[in-house]
Ligand code: F6P
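Residue numbers (the working numbering): 19 to 346.
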């Protein structure tokens with residue numbers, strides 16, 4: 019804990035957007051204003067800090083956004099911020115306004131930037147986990163995951179209808195460059211026969227064998243949900259292999275893509291974004307600095323930014339077993 023008092027807080031959204039980021043911005047701004055602080059929005063992530071695109075926010079600045087996907091502050095991945103000179107420029111732009119606290123809503127890449135910045139300069143940072151991938155340690159939820167996974171479930175349910183009508187095998191690719199949570203959650207929730215994720219080695223021969231075995235039993239409708247970052251490859255790669263081995267099976271590919279990143283946030287995402295946003299400001303005020311605000315077991319949980327960027331969440335082995343047993 020540190021004693022320094024904050025009086026002016028900047029807030030930004032960085033990295034890939036996620037539904038609920040607006041709800042988090044709203045919570046940060048309104049909590050700060052409630053405590054009599056000056057609140058500033060930074061446009062396009064760290065780019066706005068480097069390029070001095072920073073503006074004062076009032077209560078009305080965040081009106082009517084809790085239900086909106088995307089982010090009113092826009093987002094970007096900023097190369098200049100990787101360099102010390104860029105971070106120094108950013109610091110000068112905050113300092114000239116007297117901004118003495120920063121809330122960064124984003125994923126681990128964004129937290130890495132915040133960590134470096136907070137070590138070099140006297141501006142404490144708070145991270146809020148905003149990513150659809152749910153790949154950040156120290157929190158049960160990340161802002162946007164619930165919405166993204168529900169979007170995937172809705173889409174996969176629709177695919178199952180047409181798969182069923184034609185007795186087809188569908189290979190569906192969901193997002194997750196390094197993490198398989200969207201695949202795992204949406205796959206279990208839609209009764210997928212196979213779920214392929216980056217965290218687990220994909221035994222493609224086993225997948226083929228299992229499809230052959232199902233065919234013998236006249237189980238012809240099968241869904242394979244694959245995370246885009248699976249080490250075997252995405253849906254196209256998996257389909258190429260399966261079609262090569264089982265050319266007679268009617269197979270189609272569907273890549274869900276960025277629809278998973280958009281849309282109105284679910285109740286859960288709005289709720290966690292509101293709680294995290296509120297606690298981000300409270301943390302700065304009580305001197306709990308350079309932490310990520312998360313939620314564990316329905317309680318607020320604070321992880322030093324160092325640890326939030328180092329570790330990923332762990333896949334629950336039991337879940338993989340459940341997939342196998344239930345998809346017979
Ligand atoms: O936000 C994380 C993520 O959605 C990954 O799952 C995905 O690989 C990536 O972003 C896509 O990023 P971009 O929109 O920059 O292509």
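Built from N, CA and C at the ideal position, the CB exists for glycine as well. As the structure is a computational prediction, the values presented were derived from the model and not from experiment.
Rounded straight-line distance, which links the Cα of residue j to that of residue i
{"i": "residue 32", "j": "residue 226", "result": "40 Å"}
{"i": "residue 235", "j": "residue 151", "result": "36 Å"}
{"i": "residue 180", "j": "residue 157", "result": "37 Å"}
{"i": "residue 247", "j": "residue 217", "result": "9 Å"}
{"i": "residue 15", "j": "residue 329", "result": "Absent from the structure is residue 15, since the part of the chain shown begins at 19 and ends at 346."}
{"i": "residue 291", "j": "residue 313", "result": "10 Å"}
{"i": "residue 49", "j": "residue 75", "result": "12 Å"}
{"i": "residue 139", "j": "residue 301", "result": "18 Å"}
{"i": "residue 130", "j": "residue 60", "result": "18 Å"}
{"i": "residue 267", "j": "residue 187", "result": "7 Å"}
{"i": "residue 341", "j": "residue 199", "result": "13 Å"}
{"i": "residue 27", "j": "residue 108", "result": "14 Å"}
{"i": "residue 66", "j": "residue 94", "result": "9 Å"}
{"i": "residue 92", "j": "residue 162", "result": "15 Å"}
{"i": "residue 249", "j": "residue 201", "result": "14 Å"}
{"i": "residue 319", "j": "residue 230", "result": "47 Å"}
{"i": "residue 86", "j": "residue 277", "result": "14 Å"}
{"i": "residue 252", "j": "residue 219", "result": "13 Å"}
{"i": "residue 206", "j": "residue 166", "result": "15 Å"}
{"i": "residue 333", "j": "residue 159", "result": "14 Å"}
{"i": "residue 233", "j": "residue 172", "result": "26 Å"}
{"i": "residue 118", "j": "residue 134", "result": "16 Å"}
{"i": "residue 127", "j": "residue 155", "result": "13 Å"}
{"i": "residue 114", "j": "residue 56", "result": "14 Å"}
{"i": "residue 68", "j": "residue 29", "result": "14 Å"}
{"i": "residue 238", "j": "residue 244", "result": "19 Å"}
{"i": "residue 322", "j": "residue 47", "result": "23 Å"}
{"i": "residue 112", "j": "residue 62", "result": "15 Å"}
For residue i, the three-state DSSP class (helix, strand or coil)
{"i": "residue 197", "result": "coil"}
{"i": "residue 191", "result": "strand"}
{"i": "residue 116", "result": "coil"}
{"i": "residue 178", "result": "helix"}
{"i": "residue 314", "result": "strand"}
{"i": "residue 321", "result": "strand"}
{"i": "residue 150", "result": "coil"}
{"i": "residue 227", "result": "helix"}
{"i": "residue 134", "result": "helix"}
{"i": "residue 332", "result": "coil"}
{"i": "residue 171", "result": "helix"}
{"i": "residue 215", "result": "coil"}
{"i": "residue 121", "result": "strand"}
{"i": "residue 23", "result": "coil"}
{"i": "residue 162", "result": "coil"}
{"i": "residue 156", "result": "coil"}
{"i": "residue 144", "result": "strand"}
{"i": "residue 28", "result": "strand"}
Neighbour-count burial assignment, residue i, 16 or more Cβ in a 10 Å radius
{"i": "residue 279", "result": "buried"}
{"i": "residue 204", "result": "buried"}
{"i": "residue 196", "result": "exposed"}
{"i": "residue 77", "result": "exposed"}
{"i": "residue 183", "result": "exposed"}
{"i": "residue 297", "result": "buried"}
{"i": "residue 240", "result": "buried"}
{"i": "residue 325", "result": "exposed"}
{"i": "residue 316", "result": "exposed"}
{"i": "residue 168", "result": "buried"}
{"i": "residue 64", "result": "buried"}
{"i": "residue 100", "result": "exposed"}
{"i": "residue 295", "result": "buried"}
{"i": "residue 73", "result": "exposed"}
{"i": "residue 9", "result": "This structure leaves residue 9 out entirely; the chain is present only between 19 and 346."}
{"i": "residue 58", "result": "buried"}
{"i": "residue 54", "result": "exposed"}
{"i": "residue 34", "result": "buried"}
{"i": "residue 104", "result": "buried"}
{"i": "residue 164", "result": "buried"}
{"i": "residue 153", "result": "buried"}
{"i": "residue 287", "result": "buried"}
Proximity test, Cβ basis, 8 Å: residue i and chain C
{"i": "residue 249", "result": "No chain C appears in this structure, which consists of one protein chain only."}
**Prompt:** So, do the region 280-293 and the region 29-47 have three or more beta carbon pairs nearer to each other than 8 Å?
**Reply:** yes
**Message:** Check whether the region 239-259 and the region 215-226 touch, using three or more Cβ-Cβ pairs below 8 Å as the test.
**Reply:** yes
**Prompt:** Counting Cβ pairs, one atom from each stretch, are 3 or more of them under 8 Å apart for the region 211-222 and the region 338-346?
**Reply:** yes
**Asked** Counting only runs that start and end within the region 32-114, where is the alpha helix (DSSP H) found for 4 or more residues in a row?
**Response** 39-52, 64-68 and 102-113
**Request:** Report yes or no: do the region 272-280 and the region 174-194 share at least 3 C-beta pairs separated by less than 8 Å?
**Result:** yes
**Request:** Take every Cβ of the region 299-310, pair it with every Cβ of the region 137-148, and state whether three or more of those distances are shorter than 8 Å.
**Result:** yes
**Request:** Pair every Cβ in the region 77-87 with every Cβ in the region 122-131, then say whether three or more of these pairs are closer than 8 Å.
**Result:** no
**Request:** Decide yes or no for the touch test of the region 165-179 against the region 293-307: beta carbon pairs closer than 8 Å, at least 3 of them.
**Result:** no
**Complete alpha helix (DSSP H) runs within the region 230-310 (minimum length 4 residues, chain order)** = 253-263 and 285-304
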